[in-house]
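Protein chains in written order, with our numbering: chain A, 1 to 98; chain B, 10001 to 11282.
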């Protein structure tokens, strides 16, 4: 299985404020949109769960064809995160977990 | 809720019903076909008993009543499991047909999400789903592992027209046509039989039929035989009140006439027939329920006679008779058996039925679900053979979940039903998506996602219409999304598919959404672009697209350059801030007579009201619009025919009309018209260009009105990739801008920026400077030529010019054309500062007036010389304004200005600093140290001349030319110091005694620094333009008093080393550099041009005091008569800028002078030390105590004594000199060194009171405030006179 992961931080009103594709596998042409679709669809569940628990980490909340969605909703209004520093940090963290 | 009344309950009551196999002869069918019906179809309506109310007793003692009941009639040929391929084909047909129907909706807009949620389920769900699901369930029927599809009875039908009907009956059942279920032993071949004779009344009276019937009864038994008479209606016109067949006949076209031949009697006959039937069936079950068949060894194959099969049959029959408890009991009984035997399919089947039984009993939901899941998973495990059953099971499961409003779970079951088969999963996914929509709360994201998944599969199976439908629905979720990849994916594919269907307009609409997809990869961008262009080409016409995002227009970059009174020589000049020009223009623009209160008043008088309110431009002169186009993609795009959209209306009256048309600008055709109609009156520039990936380009567009009127800039249009015309109206954005800006621009609405009043042509001056260098090294001096041109025939007058930086650019003299630069700068012996150039029309307040006789007209340009001097290394914007008035006073504009703008980047070259130290022993003589550093990056320089400015100073070399710089040039980074002697030539220093000081007439103000052999002529620095530039330099440092005589200005002339000259500069013209240093002072000695050295200079310990001892050097005296008194005069000069108090302390003993420190810095070199008395050696030896021999020598010399006061105090004004009389007494002849005195000086800052405080504050930053100087040798020889 390809070990790519897509990490997206979503702000209020479902605006993606940060996107990162991490992983070593060769990129598939449609990976980006597939990941977005999967993550976007998972928001439904996030919305449900976010009200039921105070924990920030919601564990595996959705899966689609073995694509596991791990979501941590930062409900902070904000624009896109463009910081390169943040980007590298995320990627470094991701390497640990993949 | 009664489970039976739920959709699933209804479905089960309909689907899980007893099957009656029908065996008939051909003639039976023929008789029925007369009604347009098959035999089964004819009977079907009568197999539905909606209210029969039959009491029933099964295993339990408690009888119950059966209210609804149904039979399924099936031809024997249909009693088999449908072929998988056939089933698929059927499925496909259904879907395709459904797709065709939806065509009309395709082009409508997708519904809003809120609407989606409000509308009812039946509205949203496509109606064909239900039908399709039924088909799917049926596809799994007649399986051998479950028995509810197995025929419970057999209806043998023979027509009365058949020959030997009795034999036919026998034949029918004995033929090999019987379904495999019976033949294979999956079910009991001893099936209940019923015999029916069909008589067509058209074929004759029923007598014959009755005869056959009695015959049948005798053969098969009375109860099993019936007669059915059909087609009793004679005239075929009978209309049935309620057509019972209508709902069973899907394909029949003339529904009204169905069964027209069947009359009411027939109907009742048919009804009667079935009644008997029912009783038999009931009996059968009862019997079966009672006697458990003999036991059979059960192998892997369960035949009908196996005990498991029997129980299963019993269960199914109980289920069909609505005795669900009994059914459930039986199912549970065999469920474990099957599981132990690993008969998975049967196990699954039983589990499935258990779940349904649970459901209908409305008990234990958990159990029901558990069984269902179990069954479903087991079917799935079976692989392809279980697929159809899995589907059926899943659909039932889903219905079950839906009944309980568990839509979310239902959706996931749909998802699990999805198989490899694309079309199948497409439908399932679509249904799943609706489940998500219906779930509470609605899960819209999942809804959209599953629609997209489904659409994807539809597309792969060529169901384009379905694909579009699903994506369109998904759009209602994704419409406003900022998830870029999702949006692109959806729009792009819808676009593609619309194009496939030939709906190009819609396709384009969607494709446009994805064009500006900067986040996509390059390959994707190329794909999008290619498809987009292809769709356009397929459409076969050019589209006008209002919102075309390729390229992106940055409206904030929009700049309109137009020329009213203000004209610009170049675009950069136009982009300079208006306020800057205005401040420069202040002295140029005429002030009108009469009181003016503000600038508004001026305009009122200058122009009519109409002109005042809007921008003015001149007919025939282009208006320039600069807009930035950005390619958001990584792939290059080509843009052609970029032009402005403008409208020019002739006069005020027309204005209202054009306004009306512009208000409808959204209409494409209107747009076209506006542009076309104006092409005669305006000239529009058209530009073609291509933008590379991510490139930004400023595009300059012009419009030239050809006649007077009102011109309005509407927008910009372009052709993208040669096929798509995009246009962009400025208005919309400017309106937005207006709101954003708020009140700040309230006076002038931004819309007016794009509206112009075109006035009739007036003369316009054009000008430029020939070959203006963009870069120059500091000090660079260059002549330039300004060319002015007036294209029109009207003449202009009263030319004035102003330059923003006279330090860098000065106006030359027309009479002295510097064609022979730099020869014109050379110093000629005959031309010794004639002074004629000084009175050249000096610009007053920087405004230069051109001579009255200057006329510029037609094609004869005016050339005027300018001088460029790169004063300091920095980037300098140079602004030049030329003002002129119209000869023709009737024109709307009385005057115009031409604005020129150039940027000059001055690179560092030689950095020159001067250090001047006074010579302590000589007044008005200074040592000048010039430090030159080459700070340029590539250029070597050759210093050629140093001049002091003015007549007050003379300068001379201290070194020989060859000794100064051996290589004769300064390479990059090289530093060098030169030493000069500077002497004052001021008359004011003539001493009071009338003694004319040595004026060094041989010393000039210019020093050549290069060997004579180079034949570089000296440059005349008193000549314009050098003198002009020097004046500018001085005024740059104009803080100090101009009349300060103690400062000196230097000009260093250098030349680039010839061999070193960069080829790219390409000018073979000799280059000259002048470096100016102003207000150089001694002591503080701050070369004004170099402020960096300031602190360093301050801490220098040079004394501000210099003095000379004047007096005789040799004296004859007769010591025999008396001692000798010699008068001396000490001239002290204070070169500092504050008052100095000086005290002169004389000391008679030589020892005292020894203790004094030797003066630092400047030390006079005494050429002949031999002449000096031993005193001298003492003075010199004062530095080194290791010379022991010197000390004792001092005593034999007879000393002299200072007469007069031993201490005299003097106050000295800044930069002034005074004489102090001194006297010594000498007692014997000899040579005396009169250095035994000390000058203590004290500088008084701010009156002297707070000098200490000042010192305490910043001791290191303060100039040295006091000090002492020991006297220097003055040798006096006194001789004994004879």
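Every residue gets a Cβ at the ideal spot worked out from N, C-alpha and C, and that includes glycine.
According to the DSSP assignment, residue 10503 of chain B belongs to no alpha helix (DSSP H), since it is labelled neither H nor E.
Counting only the Cα atoms, residue 10959 of chain B lies some 25 Å from residue 11108 of chain B. Distance from the CA of residue 10136 of chain B to the CA of residue 10310 of chain B, rounded to the nearest whole angstrom, comes to 27 Å. CA-CA distance, residue 10443 of chain B to residue 10364 of chain B, rounds to 28 Å. The C-beta of residue 10511 of chain B comes no closer than 8 Å to any C-beta of chain A. Cβ-Cβ distances below 6 Å link residue 10620 of chain B to 10761 in the same chain, with the five nearest sequence neighbours on each side left out; the list follows chain order. The Cβ neighbour count for residue 10466 of chain B, taken over all protein chains shown within 10 Å, is at least 16; the residue is labelled buried. The CB of residue 7 of chain A never comes closer than 9 Å to any CB in chain B; the least such distance is about 14 Å. Each of B:10727, B:11239, B:10134 and B:10928 was checked against the Cα of residue 10545 of chain B, and the nearest Cα belongs to B:10727. Fully enclosed beta strand (DSSP E) runs of no fewer than 3 residues occupy 10543-10545, 10552-10561 and 10566-10568 of the segment 10504-10571 of chain B, in order along the chain.
Bounds of the alpha helix (DSSP H) holding residue 10165 of chain B are 10165-10174. Within the segment 10357-10443 of chain B, the alpha helix (DSSP H) runs of at least 4 residues that lie entirely inside it are, in chain order, 10365-10381, 10384-10403, 10407-10417 and 10422-10438. Less than 8 Å divides the Cβ of residue 10945 of chain B from the Cβ of residue 11018 of chain B.
Taking 8 Å as the cut-off between beta carbons, the residues of the segment 10489-10510 of chain B near chain A are 10489, in sequence order.
Each of B:11120, B:10395, B:10389 and B:10763 was checked against the Cα of residue 10142 of chain B, and the nearest Cα belongs to B:10389.
In terms of beta-carbon proximity, residue 10470 of chain B stays away from the interface with chain A, with every pair separated by 8 Å or more. Measuring C-alpha to C-alpha distances from residue 11211 of chain B to each of B:11139, B:11266 and B:11280 identifies B:11139 as the nearest.
Put simply, the backbone Cα of residue 10850 of chain B is about 21 Å away from that of residue 11032 of chain B. At a cut-off of 8 Å between beta-carbon atoms, residue 10443 of chain B makes contact with chain A. Just measuring C-alpha positions, the residue of B:10158, B:10758, B:10587 and B:10475 sitting nearest residue 10198 of chain B is B:10158.
Residue environment for residue 11006 of chain B: buried (at least 16 other C-beta atoms within 10 angstroms of its C-beta). In the structure shown, residue 11009 of chain B falls within a coil segment according to DSSP collapsed to helix, strand and coil. Here the C-alpha atom of residue 10483 of chain B lies approximately 36 Å from the C-alpha atom of residue 10400 of chain B. Membership of residue 10468 of chain B in the alpha helix (DSSP H) is indicated by the continuous run 10464-10478. Below the 8 Å Cβ cutoff, chain A contributes 41 and 44 as neighbours of residue 10446 of chain B, in chain order. A Cβ-Cβ contact shorter than 8 Å links residue 10349 of chain B with residue 10145 of chain B. Residue 10463 of chain B counts as buried, since at least 16 other C-beta atoms from the protein chains shown sit within 10 angstroms of its C-beta. Remark: C-beta atoms of residue 10939 of chain B and residue 10777 of chain B approach each other more closely than 8 Å.
Within its own chain, the residues whose Cβ lies closer than 7 Å to the Cβ of residue 10644 of chain B, once the five positions on either side in sequence are excluded, are 10625, 10684, 10701, 10703, 10713 and 10716, listed in chain order. In this structure, residue 10763 of chain B lies away from residue 10810 of chain B, with their beta-carbon atoms at least 8 Å apart.
In the structure shown, the three-state DSSP call for residue 47 of chain A is helix. Boundaries of the alpha helix (DSSP H) around residue 10310 of chain B: 10307-10320.
Spatial neighbours of residue 10353 of chain B in its own chain (CB-CB distance under 6 Å, excluding positions within 5 residues in sequence) are listed in chain order as 10331. The alpha-carbon separation between residue 10538 of chain B and residue 10504 of chain B amounts to approximately 8 Å. Per the C-alpha coordinates, the member of B:10710, B:10689, B:10697 and B:10699 positioned closest to residue 10682 of chain B is B:10710. In this structure, residue 10616 of chain B lies near residue 10756 of chain B, with their beta-carbon atoms less than 8 Å apart.
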